[in-house]
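Note sheet for the following structure.
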Amino acid sequence: MSAAPKFTPGPWFVKYDDAGGYDCMTSGYHVGPKNGTNWLETVVTVDTGTKGETETSSANARLIAAAPDFYAVLDVIANAGTVGGVSAGERKGIARVAVIARAALAKVSA
7 MSAAPKFTPG
17 PWFVKYDDAG
27 GYDCMTSGYH
37 VGPKNGTNWL
47 ETVVTVDTGT
57 KGETETSSAN
67 ARLIAAAPDF
77 YAVLDVIANA
87 GTVGGVSAGE
97 RKGIARVAVI
107 ARAALAKVSA
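Sequence positions in the sequence shown follow the working numbering and run 7 to 116.
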């Protein structure tokens, strides 16, 4: 297992909030953790500007919300031990995936 990540722990959720024309607020998809129905904090807001809710903005927010889950999977892959009964070709593929996973984890840890 890698060192504890410095980002806000997951799971993260997505909630659309329309600022209703207030200049001091941002309309968009808010991404962050929550406790039951209470939002603990917003990690990031995917600003929709004047376009309102869009399929692309929603998809971007959902991808960001999955980041802690992707991190956990990459951590497992990057630190996986050798598994017996795997062909040489499969080992090369697994090794390549582990290299990619370590590179992605390094981006998070930077």
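For each residue, glycine too, the CB sits at the ideal point set by N, CA and C.
Here the structure is a predicted model, which means the values were calculated and not measured.
| query | result |
| --- | --- |
| Whether A109 touches I83 by CB criterion (8 Å) | no |
| Sheet register partners of W45 (DSSP bridge) | K40 |
| T54, enclosing beta strand (DSSP E) - first and last residue | Segment: none, T54 is in no beta strand (DSSP E) and carries neither H nor E. |
| Terminal residues of the alpha helix (DSSP H) in which F76 lies | 73-84 |
| For V79 and V20, the rounded distance between their alpha carbons | 20 Å |
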